[in-house]
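Student: My structure is below; once you've seen it, I'll send some questions.
Protein chains in written order, with this note's numbering: chain A, 366 to 761; chain B, 366 to 761.
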């Protein structure tokens, strides 16, 4: 298999972006990525555009984005895997290059969610569960879905609402240093605890926001990277799995089976010991759409044993200097969650972290040169895990 | 690059399918494909689900389809490239296998369009052009878009409405032998000429219908095929391109630039002489969403010189026994056009044609063992061309 590296990546300022159209948002992420890659738009041979859509008037965005970026007439496609759309785009862009069909491929995510009323957004996202059985019959929306997980976890492992709030406190803390984050205010456990309930036990500060934004990742073959003398971060393993769309069929409400399977796959491909991945990874981006999701991710990824994820956050082991720093960009919780662009933004963040290009407080210490992105769609309906490495040697 | 072959393929009865849910339609196509491939669902390592959506309540279909097919927890993604979604799924499934990331991958398209009122469908499809500039400002929907091409072609090359109707006559003729086709009635030029205008000069019988349906294509690596002793048809070349989303920026209204570019790419990869492809191909499936689209396809693919596509149909050269038989399944026009499933249905048809498995009148004479599928999204916003071959040797 041909080795594939990332040669440029970026994400826009996340938040309420009424100042930019979907195309302009895409361009904003793309121009930084392509400048970093030091290539021309015409060198991109194929683009994979991740977008959930459903709220913006441009319902078929790929060609419109391609044209705005100046990469038309190159081939393009839109991909969607609910909130894991961005990582699915990177996986497929990787495979297009690895297959030999192209030397340089763009994965770009874009989402304009804030044009729609919040009620519509919440309702539409609710369909990412199972429309017929759970959305239509029980009226479940995503805060409700994750509240089920939170109550199960709290009941089984004795976690408290305050513990979940600690995740929000960490992610707001790091977002305060990230000029592209949607929310840059530091918060306290008290502030989180006194915020209004959305779906008990989840409060406003346990939930990721509705976000506009775009993110771009440019992938290239080893041959291209060598001949152009670029700095690259290598994709050393990807894992992906699906879970049943009916929550009533799930065995367990304290973790996501798809995420565990995706992680195992990725660890095997990237030669990471699944028994102690945290010791081999310098940092991780995990899918904290709700605070409970970050706790479950610690366990699903093997950073903590079952039921001990909550200990990791209480002991600040996922801050810098801890066992494994998580979401140093502020995460979905505070950086924001523009659904189709979230996955690429995680990978863009890790690319810059591994190269030591993140300014100030947020830069992780890079020792092993490895990092992981964990991107979930639905409540584990989809999971994609991507492992990046400064070293291309250990690739399967 | 690893060689990739098709080991099973199928499509459902197309038409008004209120009898089946989206999942059930997908299963109907899948069960035949997997039986033909003689494998178990669990052997599929990844699935690419093509679906335009927007009309059915299950707006995020990939995981729901995967689960219904019993291939969960394998990874999955939805792809969309407007009406070329199906071929984009096959291209990406090919690349996942060719890259070495999987041995067996499923491309499956499904669309339930008839649940929505026709007016809604026409309006939603209209957005596949360019929402802001053409749909919203000028009210263009797809019959209108293709009518612009038809009038330009008629004006420049002296074609008549009767000539366009000849395409419908041919495609209805072959659909009459295809038990899975939406419309199995033979029609005459007169019947077409006296059908009501939809957008002058296009009449009802110049337009493809609104269709429910699903199609599945199972792709596998050469190693897998060899070790399982399967009969396979090889993917010998794929081409793909995009065109500007603004018709006002197009240079030409008598052909689709993206289709020409995609064809050239595919011919190079498949070692087909672009000067005389019809002599090397046994048959083709082309994207006849409107009759004028089939005429333009003849020219864009190099089956006829510019302005001479109309001669090809008038001389019945795209019937069996002619220069190159086209749309022996009835085409989008009469077999039907369930948007996300159309591309895979073309490829499923060619797979069976090349293996001589089509019963009766519709079976083409197979001499060269090569066939081509041409799948367009929008009015050339996307184009994907896929070349299949019985011989795996000539692959680039």
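Every residue gets a Cβ at the ideal spot worked out from N, C-alpha and C, and that includes glycine.
Compute the distance between the beta-carbons of residue 415 (chain A) and residue 450 (chain A), then report whether it is under 8 Å.
Tutor: Yes, the Cβ-Cβ distance between residue 415 (chain A) and residue 450 (chain A) is below 8 Å.
Student: List the DSSP bridge partners of residue 604 (chain B).
Tutor: Paired residues: B:750.
Student: With 16 as the cutoff for other CB atoms within 10 Å, does residue 536 (chain A) come out buried or exposed?
Tutor: Per the 10 Å Cβ criterion, buried.
Student: Please say whether residue 624 (chain B) and residue 665 (chain B) have beta carbons closer to each other than 8 Å?
Tutor: In this structure, residue 624 (chain B) lies closer than 8 Å to residue 665 (chain B) by Cβ.
Student: Beta-carbon within less than 6 Å of residue 506 (chain B)'s beta-carbon, same chain only, minus the 5 sequence neighbours each way: which residues are those?
Tutor: So the qualifying residues of the chain are 487, 491.
Student: With C-beta atoms as the reference, is residue 470 (chain B) less than 8 Å away from residue 405 (chain B)?
Tutor: No; because the gap between Cβ atoms is not below 8 Å, this pair is not in contact.
Student: With DSSP run on the structure shown, which of helix, strand or coil describes residue 585 (chain B)?
Tutor: Strand, per DSSP.
Student: Along the alpha helix (DSSP H) that carries residue 511 (chain A), what are the first and last residues, could you check?
Tutor: Start and end: 507-522.
Student: Under a Cβ-count criterion, where at least 16 other Cβ atoms within 10 Å of its own Cβ denotes burial, should residue 400 (chain A) be classed as buried or exposed?
Tutor: When all chains shown are included, residue 400 (chain A) counts as exposed.
Student: Evaluate residue 543 (chain B) with the Cβ neighbour count: other Cβ atoms within 10 Å of its Cβ, from every protein chain shown; 16 or more gives buried, anything less gives exposed.
Tutor: Flag for residue 543 (chain B) reads buried.
Student: Is the stretch 567-582 of chain B touching the stretch 700-712 of chain B in the sense that three or more CB pairs, one from each, lie closer than 8 Å?
Tutor: At 8 Å Cβ cutoff, the stretches touch.
Student: Below 8 Å on the Cβ atoms is my guess for residue 439 (chain A) versus residue 464 (chain A); work out the distance and round it to an integer in Å.
Tutor: Residue 439 (chain A) to residue 464 (chain A), Cβ: 16 Å. No contact.
Student: Evaluate residue 640 (chain B) with the Cβ neighbour count: other Cβ atoms within 10 Å of its Cβ, from every protein chain shown; 16 or more gives buried, anything less gives exposed.
Tutor: With fewer than 16 Cβ atoms within 10 Å of its Cβ, residue 640 (chain B) is classed as exposed.
Student: Taking the alpha carbon of residue 418 (chain B) as the reference point, which residue from B:407, B:448, B:604 has its own alpha carbon closest?
Tutor: Of the listed residues, the one whose Cα sits closest to residue 418 (chain B) is B:448.
Student: How would you list, in chain order, the residues of chain A whose beta-carbon sits under 7 Å from the beta-carbon of residue 746 (chain B)?
Tutor: Here the neighbours are 428.
Student: Could you give the C-beta distance for residue 689 (chain B) and residue 529 (chain B), rounded to a whole number, given that I count them as a contact under 8 Å?
Tutor: Contact flag wrong, Cβ pair sits at about 19 Å.
Student: Alpha carbon to alpha carbon, how far is residue 556 (chain A) from residue 550 (chain A)?
Tutor: Computed Cα separation, rounded: 11 Å.
Student: Which bits of chain B does residue 484 (chain A) rub up against, with CB to CB less than 7 Å?
Tutor: Result: empty, since nearest Cβ-Cβ is about 16 Å, beyond 7 Å.
Student: Do residue 443 (chain B) and residue 427 (chain B) have their C-beta atoms within less than 8 Å of each other?
Tutor: A contact, by the Cβ cut-off of 8 Å.
Student: List the residues that DSSP assigns as beta-bridge partners of residue 622 (chain B).
Tutor: Answer by DSSP bridge pairing: none, since residue 622 (chain B) is not bridged.
Student: Step through the CB atoms of chain B and report whether any lies within less than 8 Å of the CB of residue 442 (chain A).
Tutor: Interface residue, yes.
Student: Suppose the cutoff is 8 Å on Cβ atoms and the five residues either side in sequence are ignored; what does the same chain contact list for residue 429 (chain B) look like?
Tutor: Around residue 429 (chain B): 387, 388, 423.
Student: Pull up the DSSP beta-bridge partners for residue 572 (chain B), would you.
Tutor: Answer is B:655, bridged to residue 572 (chain B).
Student: Give the range of the alpha helix (DSSP H) segment to which residue 539 (chain A) is assigned.
Tutor: Residues 526-540.
Student: What whole-angstrom Cβ distance do residue 509 (chain B) and residue 608 (chain B) have, given they're in contact under 8 Å?
Tutor: Actually they do not touch by this definition, with Cβ atoms about 17 Å apart.
Student: Closer than 7 Å to a non-hydrogen atom of the ligand COA - does that hold for the CB of residue 537 (chain A)?
Tutor: This structure simply doesn't include the ligand COA, nor any ligand for that matter.
Student: In chain order, what residues of the same chain lie with their CB nearer than 8 Å to the CB of residue 436 (chain B), ignoring the 5 residues before and after it?
Tutor: 406, 407, 409, 412, 471.
Student: Taking one C-beta from the stretch 751-758 of chain A and one from the stretch 377-385 of chain B each time, how about it: are there three or more such pairs within less than 8 Å?
Tutor: No, the stretch 751-758 of chain A does not touch the stretch 377-385 of chain B.
Student: So which residues on chain B does residue 618 (chain A) lean against when the C-beta distance must stay under 8 Å?
Tutor: What residue 618 (chain A) touches in chain B: nothing, since even the nearest Cβ is about 17 Å away.
Student: Checking contacts by CB at 8 Å: is residue 437 (chain A) closer than that to chain D?
Tutor: No chain D appears in the structure shown, which is made up of the protein chains A and B.
Student: Thinking C-alpha only, which one of A:517, A:634, A:585, A:446 is nearest residue 567 (chain A)?
Tutor: That would be A:517, whose Cα lies nearest to the Cα of residue 567 (chain A).
Student: Can you have a look at residue 559 (chain B) and say buried or exposed, based on whether 16 or more other CB atoms are within 10 angstroms of its CB?
Tutor: Looking at its Cβ environment, which holds fewer than 16 other Cβ atoms inside 10 Å, residue 559 (chain B) is exposed.
Student: Is it right to say residue 702 (chain A) is buried, meaning 16 or more other beta carbons lie within 10 angstroms of its own, or is it exposed?
Tutor: With 16 or more other Cβ atoms within 10 Å, it is buried.
Student: Since residue 711 (chain A) meets chain B, which of its residues come closer than 9 Å, beta carbon to beta carbon?
Tutor: Going along chain B, no residue has its Cβ under 9 Å from residue 711 (chain A), so there is no contact; the nearest lies around 17 Å.
Student: Check for me: the alpha helix (DSSP H) holding residue 717 (chain B) runs from which residue to which?
Tutor: It spans 704-719 - the alpha helix (DSSP H) in which residue 717 (chain B) sits, taken as one unbroken run.
Student: Just to confirm before moving on: does the CB-CB distance between residue 595 (chain B) and residue 398 (chain B) stay below 8 Å?
Tutor: It is not a contact, given that the beta carbons lie outside the stated cut-off.
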